[in-house]
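Below: one structure, written as structure tokens.
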Amino acid sequence: MASTRAKPTLPLLLALVTVVIPGPGDAQVSIHPREAFLPQGGSVQVNCSSSCKEDLSLGLETQWLKDELESGPNWKLFELSEIGEDSSPLCFENCGTVQSSASATITVYSFPESVELRPLPALQQVGKDLTLRCHVDGGAPRTQLSAVLLRGEEILSRQPVGGHPKDPKEITFTVLASRGDHGANFSCRTELDLRPQGLALFSNVSEARGLRTFDLPATIPKLDTPDLLEVGTQQKLFCSLEGLFPASEARIYLELGGQMPTQESTNSSDSVSATALVEVTEEFDRTLPLRCVLELADQILETQRTLTVYNFSAPVLTLSQLEVSEGSQVTVKCEAHSGSKVVLLSGVEPRPPTPQVQFTLNASSEDHKRSFFCSAALEVAGKFLFKNQTLELHVLYGPRLDETDCLGNWTWQEGSQQTLKCQAWGNPSPKMTCRRKADGALLPIGVVKSVKQEMNGTYVCHAFSSHGNVTRNVYLTVLYHSQNNWTIIILVPVLLVIVGLVMAASYVYNRQRKIRIYKLQKAQEEAIKLKGQAPPP
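Numbering-wise, the sequence shown is residues -27 to -1, 1 to 510 according to mature numbering (1 follows the signal peptide of the UniProt record, and there is no 0).
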């Protein structure tokens, strides 16, 4: 919106100068004032005078309204009014046959009728040049009129307006838009500097306009979505973009096969995203274009990808019987569907992929809870996909009871706490009892018992189930206190004898050693005596 203001009434500035132009008899014509500085539409008095003394004709030429106020023999006083622009009124005389003239300079000043900052773009991209246009209508003198671009109260640029006061003028400013300009107010101010004429600096400011900026990263939206969509599944489509501003004003959406699925978009401080959950059905085309589109201001960023729809059923793994008795035959078969092929079946040597693989085995106890694994593969868009199936075989067999499961010999100390560990295995799980051969007394299995002397004996452990039974003898020896006393009685004398023998051997050894040392000393003394009795040479 343009800003206007009332025309002020300001002082008229006059410069009184006499211009002398030689004529007959040295006649002279002059004009007062020589220079005038006044507001537009103002008035000024002009005095024309001459030194001519005979046959004088005196007048004033001007384009403005004039009134002759007073006159004398050789002068006239005029008033010029409604002066609209700069002009040069002319005083002339006819002195006899000679003509002469003198002119004055009138300078008009005026404030701009309006100053307006042209509308800004709805959104300006960061890092791009923004051209601001300041429209000025009127204002004079243009040589003393400037246009100032403001961001808030900050002066960004100042330029002279120039041109003719009657011609509207548009002054352009170019600034580099930044994120900091988002929400800033820009305005244009005119400054008419009349201080050289002894007046003041007069300004007029346009209405402020707010700027909204936006910024986009150099990257395109990122699609986080699988390239392959399986029929019968629910797939998540996700698209996002980071580093944009302001994210709150961006729009992002997904298109699948030209249709917009139900989706949810989110905006954070500097990122946006769109998420859609899609139920993949048989009605889908085998290839679907997926688009992610981001719109901000007049900018559009787009990412595209082609998705492949496929149908892949898991292989069918079957056992002729899931539960069999030991020794029975079981057929294991794996079948692939939907164009896939079996690539692996546990229990079968590797072979080229085929639609079906099977084999037969004789079930044994080692096959109980054996897992059979089948894998099928399907090639889709140059990628191999795999699906697997697993089944477990249950084999029924009689009880097993051997040395590792049930030790044959146990020795326990009377009064100690002991547990008989004897465990049979089989399918179904067998029951088990251990009874003494002599009297059928029961010995609990897996129970902590205080050992007594009467528990001593041979036990028969019997494991049985619906698929058979097995027995094993277990010998339990109990060490009781009386046995311990006799052991001590026997051991003490043996230890005493051993100690006596060691001491006697030590005594004999030391005595013989002392005798040897004594004999050696005697022999040395005899040798010295014999050496002293020998005759001189």
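Built from N, CA and C at the ideal position, the CB exists for glycine as well.
For residue i, three-class secondary structure by DSSP
{"i": "Ser73", "result": "strand"}
{"i": "Asp221", "result": "Reading off the sequence shown, one finds Ser at residue 221, where the question assumed Asp. Ser221 falls in the helix class under three-state DSSP."}
{"i": "Val2", "result": "strand"}
{"i": "Gly(-5)", "result": "Its pLDDT being 40, under 50, Gly(-5) is placed unreliably in this model, and the coordinates cannot settle the point."}
{"i": "Gln13", "result": "coil"}
{"i": "Phe146", "result": "strand"}
{"i": "Val42", "result": "This sequence places Leu at residue 42; Val is not what is there. Correct three-state label for Leu42: strand."}
{"i": "Glu215", "result": "strand"}
{"i": "Arg124", "result": "strand"}
{"i": "Ile56", "result": "strand"}
{"i": "Gly473", "result": "helix"}
{"i": "Trp459", "result": "Note that Trp459 has pLDDT 49, beneath the 50 cutoff, so the model's placement of it is unreliable and no number is given."}
{"i": "Asn47", "result": "coil"}
{"i": "His440", "result": "coil"}
{"i": "Arg484", "result": "helix"}
{"i": "Gln208", "result": "strand"}
{"i": "Gln391", "result": "strand"}
{"i": "Glu376", "result": "coil"}
Contact under 8 angstroms by Cβ, residue i with residue j
{"i": "Ala436", "j": "Val443", "result": "yes"}
{"i": "Gln36", "j": "Tyr82", "result": "no"}
{"i": "Ile4", "j": "Cys25", "result": "no"}
{"i": "Arg259", "j": "Thr279", "result": "no"}
{"i": "Trp385", "j": "Val421", "result": "no"}
{"i": "Ser61", "j": "Ser44", "result": "no"}
{"i": "Val368", "j": "Glu308", "result": "no"}
{"i": "Gln49", "j": "Leu31", "result": "Checking the displayed sequence, the identity of residue 49 turns out to be Lys instead of Gln. Yes; because the gap between Cβ atoms is below 8 angstroms, this pair is in contact."}
{"i": "Leu63", "j": "Glu34", "result": "yes"}
{"i": "Val303", "j": "Thr333", "result": "yes"}
Run of the beta strand (DSSP E) containing residue i, from where it starts to where it stops
{"i": "Ala64", "result": "Sequence check: residue 64 is Cys here, not Ala. From DSSP, the beta strand (DSSP E) with Cys64 extends over 63 to 68."}
{"i": "Glu85", "result": "It should be noted that the sequence gives Pro, not Glu, for residue 85. Its beta strand (DSSP E) spans residues 78 to 90."}
{"i": "Lys404", "result": "404 to 409"}
{"i": "Pro133", "result": "127 to 133"}
{"i": "Gly112", "result": "102 to 113"}
{"i": "Thr116", "result": "Run containing Thr116: none; DSSP gives neither H nor E here."}
{"i": "Glu34", "result": "29 to 34"}
{"i": "Lys422", "result": "421 to 423"}
{"i": "Leu383", "result": "Looking at the sequence provided, one finds Trp at residue 383 rather than Leu. 382 to 386 is the extent of the beta strand (DSSP E) around Trp383."}
{"i": "Asn400", "result": "398 to 400"}
Nearest to residue i (by Cα), restricted to the options the options
{"i": "Val289", "options": "Leu214, Val315, Val134, Gly399", "result": "Val315"}
{"i": "Gln97", "options": "Ala157, Glu55, Arg131", "result": "Ala157"}
{"i": "Glu180", "options": "Arg124, Gln207, Leu217, Thr206", "result": "Arg124"}
{"i": "Leu210", "options": "Phe285, Ala220, Val148, Gly230", "result": "Gly230"}
{"i": "Ala287", "options": "Gly205, Gln277, Ser221", "result": "Gly205"}
{"i": "Gly135", "options": "Asp110, Asp154, Phe159, Ser241", "result": "Asp110"}
{"i": "Ser87", "options": "Glu66, Gly473, Thr163", "result": "Thr163"}
{"i": "Pro328", "options": "Leu93, Ala350, Ser23, Leu416", "result": "Ala350"}
{"i": "Gln277", "options": "Arg264, Arg408, Ala270, Lys360", "result": "Arg264"}
{"i": "Pro114", "options": "Lys356, Ile79, Asn240, Leu274", "result": "Ile79"}
{"i": "Leu122", "options": "Phe257, Gln396, Asn177", "result": "Asn177"}
{"i": "Phe175", "options": "Asn67, Leu452, Thr145, Gln117", "result": "Gln117"}
{"i": "Ser301", "options": "Leu172, Val353, Ala336", "result": "Ala336"}
{"i": "Pro325", "options": "Leu38, Leu364, Ser348, Leu380", "result": "Ser348"}
{"i": "Gly320", "options": "Phe346, Ser16, Pro133, Gly312", "result": "Phe346"}
{"i": "Ser311", "options": "Ala223, Phe285, Leu318, Asp188", "result": "Phe285"}
{"i": "Phe51", "options": "Pro85, Asp40, Glu127, Gly57", "result": "Asp40"}
Uninterrupted beta strand (DSSP E) stretches inside the stretch 233 to 299 (no shorter than 3 residues): Listed in chain order, they are 236 to 240, 244 to 252, 260 to 269, 272 to 283, 289 to 292, 296 to 298.
Alpha helix (DSSP H) segments (min. 4 residues) lying fully within the stretch 296 to 373: Entirely contained in the stretch 296 to 373, not one alpha helix (DSSP H) run reaches 4 residues.
Whole beta strand (DSSP E) elements within the stretch 131 to 202, 3-residue minimum: DSSP runs (the beta strand (DSSP E)) wholly in the stretch 131 to 202: 142 to 149, 158 to 166, 174 to 178.
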